[in-house]
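According to the working numbering, the sequence shown is numbered sequentially starting from 367.
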Amino acid sequence: MRDRTEKRARGRPRAFDQDLALQAASARFRTRGYSATSLDELAAVTGVARPSLAAAFGDKRALYLAALERTYGWLEQSFAGLIEAKLPLREMLERMFRFSIKVYLDGEFGPSGCIALNTAVAEAVTDPDIRAMLSRVLDLEDRALRTMLADAGSPTPEAHAHLAVSVLQALSIRARTGRPREELEAIAAACVDMIAGKPDGDSQS
367 MRDRTEKRAR GRPRAFDQDL ALQAASARFR TRGYSATSLD ELAAVTGVAR
417 PSLAAAFGDK RALYLAALER TYGWLEQSFA GLIEAKLPLR EMLERMFRFS
467 IKVYLDGEFG PSGCIALNTA VAEAVTDPDI RAMLSRVLDL EDRALRTMLA
517 DAGSPTPEAH AHLAVSVLQA LSIRARTGRP REELEAIAAA CVDMIAGKPD
567 GDSQS
């Protein structure tokens, strides 16, 4: 009886951590995009055989949508932390841009930007589900920035939110093209000055 039980256990598919597998798949999608990433590549980076990946997530498209959903959840948590911090306007914007630039310059093989902004845009034209997921990400950024700016005392939180989100998107694209950190930080600083005003003693007559 014991021998038969052990044989059945050895014959079962090896369990794997779905969160870690999704994290690895998300990183590869962020680097190479949806179309250029193969199932064999995803199996290699996750360390999970294709049949097990399919059983857990579905096909490649379903795995990509799960990666975008994971990104949405991560963004939601990140913005919630900033909202809860109740920081002054300038400090809040500086912290957000500093953190975003750090993330955009990270990647498997170099700066990769944001998976949603840099890879979902291409697929959104023909895939309604990816388009809807990308729209959710953009709506989240608009909504979170509007709340953060209103709480921090912006006189025009909606307009300032659109400006800040547009700069975030531009920074993601520039990071992916390999622009230096100093350039990204200068663009972010200019946006902060436009919204929060220049720091005391920094005005020019």
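In this text, a Cβ means the ideal position worked out from N, Cα and C, and glycines have one as well.
What's the C-alpha gap between residue i and residue j?
i, j, result
"Val411", "Thr437", "18 Å"
"Leu529", "Asp495", "27 Å"
"His526", "Glu507", "12 Å"
"Asp542", "Tyr470", "Asp is not the amino acid found at residue 542; the sequence shown has Arg there. Spanning the two alpha carbons is a distance of roughly 7 Å."
"Pro565", "Asp472", "30 Å"
"Asp406", "Lys452", "45 Å"
"Thr493", "Ser444", "Rather than Thr, the amino acid found at residue 493 in this sequence is Asp. Their backbone Cα atoms lie some 27 Å apart in a straight line."
"Thr599", "Gly479", "An answer regarding residue 599 cannot be provided, because it is not within the stretch 367 to 571 covered by the chain."
"Ala554", "Ile539", "13 Å"
"Gly544", "Pro417", "36 Å"
"Thr513", "Ala420", "39 Å"
If you follow the alpha helix (DSSP H) that residue i is part of, which residue opens it and which one closes it?
i, result
"Pro417", "Arg416 to Phe423"
"Leu537", "Pro523 to Arg542"
"Arg545", "No alpha helix (DSSP H) contains Arg545, which DSSP labels as neither H nor E."
"Leu434", "Lys426 to Ala451"
"Asp472", "Element bounds for Asp472: n/a, residue is neither H nor E."
"Ala409", "Leu405 to Thr412"
Leaving out five residues before and five after residue i in sequence, what residues of the same chain have Cβ atoms less than 7 Å from its Cβ?
i, result
"Ser466", "Leu534 and Leu537"
"Phe423", "Leu429 and Ala432"
"Arg497", "Ala490"
"Ala562", "Leu455, Arg456 and Leu459"
"Val531", "Glu507, Asp508 and Leu511"
"Asp383", "none"
"Leu388", "Ala432, Ala433 and Arg436"
Whose C-beta lies closer than 6 Å to the C-beta of residue i among residues of the same chain, with five residues either side of it excluded?
i, result
"Ala516", "Pro523"
"Leu500", "Ala482, Ala486 and Ala490"
"Ser520", "His526"
"Asp403", "The sequence given here has Thr at residue 403, not Asp. So the list reads Arg394 and Phe395, once near-sequence residues are dropped."
"Cys557", "Val533"
"Phe463", "Ala554"
Look up residue i in the DSSP assignment and say whether it is helix, strand or coil.
i, result
"Tyr400", "coil"
"Lys491", "The sequence given here places Val at residue 491; Lys does not occur at that position. If DSSP states are grouped into helix, strand and coil, Val491 belongs with coil."
"Lys564", "coil"
"Phe463", "helix"
"Arg374", "Because the pLDDT of Arg374 is 42, which lies under 50, any placement of that residue in the model is unreliable, and the number read from its coordinates should be weighed accordingly. Helix at Arg374."
"Ser317", "For residue 317 there is no data in the structure shown, the boundaries of the chain being 367 and 571."
"Phe382", "coil"
"Cys480", "coil"
So, at 8 Å on beta carbons, what are the nonlocal neighbours of residue i in its own chain, with the 5 sequence-adjacent residues on each side left out?
i, result
"Ser571", "For Ser571, the pLDDT reaches just 36, beneath the cut-off of 50, and the residue's location in the model is therefore unreliable, although a value from the coordinates is still provided. Excluding residues within five positions, none has a Cβ falling inside 8 Å."
"Arg368", "With a pLDDT of 48 at Arg368, under the threshold of 50, the modelled position of that residue is not reliable, and the figure given next carries that caveat. Excluding residues within five positions, none has a Cβ falling inside 8 Å."
So does the segment 419 to 433 actually touch the segment 381 to 399, counting three or more Cβ pairs closer than 8 Å?
Verdict: yes, contact present.
Do three or more CB pairs link the segment 480 to 493 to the segment 548 to 561 at distances below 8 Å?
no
Could you tell me whether the segment 457 to 472 touches the segment 408 to 423, using the rule of 3 or more Cβ pairs below 8 Å?
no
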